[in-house]
Each structure stands twice: as C-alpha cells, then as structure tokens.
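Participant: I'd like to ask some things about the structure below.
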Amino acid sequence: MRTMITAHSGCEGRPDNSLEYVRYALGCGADALEVDVHSRGSGFYISHDPSEGDHPRLEEVFSLIRGGTRKLNCDLKQPGMEQDVLALARSCGMADQLIFSGAVSHQALGDPAVGARTFWNIESAMPQLFQRYEQGIMPTAEEIRQAAGLCREHGAGVINVYYAVCTAENLKIFQEYGVGVSAWTVNEEAEARRLLAEGIVNITTRRPVMVCALRKDT
14 MRTMITAHSG
24 CEGRPDNSLE
34 YVRYALGCGA
44 DALEVDVHSR
54 GSGFYISHDP
64 SEGDHPRLEE
74 VFSLIRGGTR
84 KLNCDLKQPG
94 MEQDVLALAR
104 SCGMADQLIF
114 SGAVSHQALG
124 DPAVGARTFW
134 NIESAMPQLF
144 QRYEQGIMPT
154 AEEIRQAAGL
164 CREHGAGVIN
174 VYYAVCTAEN
184 LKIFQEYGVG
194 VSAWTVNEEA
204 EARRLLAEGI
214 VNITTRRPVM
224 VCALRKDT
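Take any residue in the sequence shown, count from 1 to its spot, add 13: that is its number in our numbering.
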C-alpha cells in the first residue's frame, strides 16, 4: 500500500495553523495536511492551543481544500467535537476529504462515520503514555498489544503514534491485530525512509517535500 504523506501544520517553515501554511501545503505534493482544531461558541478555529485571539476559522480551511484530491486531518484538541466538525464538513461539501486525529473518544469511534475516518491517537486509548513519552519512556510490547486490542475493540482501523514507537517489533504487533499505523512527526530522512519501506499507512512530517521525494524513489 502506498504510504500517505501528511504535511504537519507549519511545514517547511510556514507559520503553524495559518492560511499561508494551508495554501503552501496544498501545492507541496503531500496527500493530506493537518490543522489543530478548537471550538469557540458555535464555531471552530485552528490553533494548537486555546486562545481568544484571531485565528483562521475551520470553514475557511474547508473552502480552500474542498473539491480537490487532498485530505484534511483535523487534530481535535478538545473532546466531543467529532459530530459537529463532521456536520460542518458535510455542509461545506468536503466530508469525503476529512480525517480525524487527536482527542477522539472511545464513544465517538462507535459511530462508523467517525471511526472509519479516524487515525486514533494511542494517547486517547491509553492516556498515561503521553507523559511517559516526554520522559523518553516508550511503551512495552504488552502495552502495544493492549493498545492494538483497544483499537480492534472500538473499531479504529488506524492508530496514530509517535514515530519512535514504530519499531519493527511494534509494527509487527499492530499488523497481527489488523491495525494500520500512522506516525508523527517524522522529520529525519533515515526514519522517513525506514517507515516508507515498512509500508505504514501515513507519515506526518514538517518536511513533506523531502518525504515525497523519498517515496518517489522507494
């Protein structure tokens, strides 16, 4: 399977979560682009952190992407937004281009319309792992099996993990459970080359031009 390449917000030195970044990412060769999504009142804006400042609205991003071949990964920064973001995407005519990651709950995955388009963050399945990442502690093989089992139990076909988790051993476990793997954030050439060779579902990167060139050569 051809690995999807997703341009991380702010890729290639563009400002994070900006319309400048979105416009650039649409033309850089990546298959998808990522934005961080927060809710405010009855609408949504793109920003990594909650803010009262002026940020692009999600529907502005939808209007730039709608109708093309690129996917949009909405990294949900708050729980409970799945249905409303999906409804907005449908109203904007781009639901088929939508992917979810981030704070997607177990309950939301029960809706096939959500589960089928979600790269489920391993931290949503097992919240204790993120703090350990920050300390440089990677999950054990048993924890990887537990995460893969939770994916299968809740209908998540793809798990979204920090790239360092994607060892050959761990990828084999996910494969045994029938769970695809999306890796973030892969910025080093050697790691990108290795994961492309492994044939994982998706690579999210701040260097999509480099990773696209590697994929072409692989």
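Ideal Cβ placement from N, Cα and C applies to all residues, glycine included. Note that this is a predicted model, so its numbers are computed, not measured.
To the nearest angstrom, how far is the alpha carbon of H68 from that of E189?
Facilitator: Cα to Cα, the separation comes out at about 42 Å.
Participant: Taking the runs of the beta strand (DSSP E) that are 3 residues or longer, which of them lie wholly in the region 92 to 157?
Facilitator: Segments of the beta strand (DSSP E) lying fully in the region 92 to 157: 111 to 115 and 132 to 134.
Participant: Grouping DSSP H, G and I as helix and E and B as strand, with all else coil, what is L41?
Facilitator: Per the sequence shown, residue 41 should be read as Cys rather than Leu. The answer is coil: DSSP assigns C41 none of H, G, I, E or B.
Participant: In chain order, what are the residue ranges of uninterrupted alpha helix (DSSP H) at least 4 long that sit wholly in the region 195 to 226?
Facilitator: If we require 4 residues or more, the alpha helix (DSSP H) runs fully inside the region 195 to 226 come out as 202 to 211.
Participant: In three-state terms, what does DSSP make of Y175?
Facilitator: In the structure shown, Y175 sits in a strand (DSSP, three-state: E or B).
Participant: Measuring only the C-alpha atoms, how far is M94 from S52?
Facilitator: Straight-line Cα distance between these residues: approximately 8 Å.
Participant: Helix, strand or coil: how does DSSP classify A20 here?
Facilitator: Of the three classes helix, strand and coil, the one that applies to A20 here is strand, per DSSP.
Participant: What residue range does the alpha helix (DSSP H) around K185 cover?
Facilitator: Start and end: A181 to E189.
Participant: If the criterion is Cβ atoms closer than 7 Å, does the pair V224 and I216 meet it?
Facilitator: Yes. Within cutoff.
Participant: Could you have a look at H51 and say whether DSSP puts it in helix, strand or coil?
Facilitator: Looking at H51 - three-state DSSP - the assignment turns out to be strand.
Participant: Here's the rule I'm using: 16 or more other beta-carbon atoms within 10 Å means buried, otherwise exposed. How should K185 be labelled?
Facilitator: Looking at its Cβ environment, which holds fewer than 16 other Cβ atoms inside 10 Å, K185 is exposed.
Participant: Tell me which same chain residues have a C-beta within less than 7 Å of the C-beta of E182, skipping the five on either side of it?
Facilitator: Same-chain partners within the cutoff: A154.
Participant: Might you give, ordered along the chain, the residues of its own chain that have their beta carbon closer than 7 Å to the beta carbon of G149, omitting 5 neighbours on each side?
Facilitator: Closer than 7 Å at Cβ, skipping near neighbours: no residue.
Participant: Please report how far the alpha carbon of A196 lies from the alpha carbon of L208, in whole angstroms.
Facilitator: Taking the straight line joining both Cα atoms gives about 8 Å.
Participant: Going by the beta-carbon positions, is the gap between R3 and F143 smaller than 7 Å?
Facilitator: This structure cannot speak to residue 3, because the chain is shown only from 14 to 231.
Participant: Cα-Cα, which of S104, Q110 and P140 is closest to V117?
Facilitator: When only C-alpha atoms are compared, the closest one is P140.
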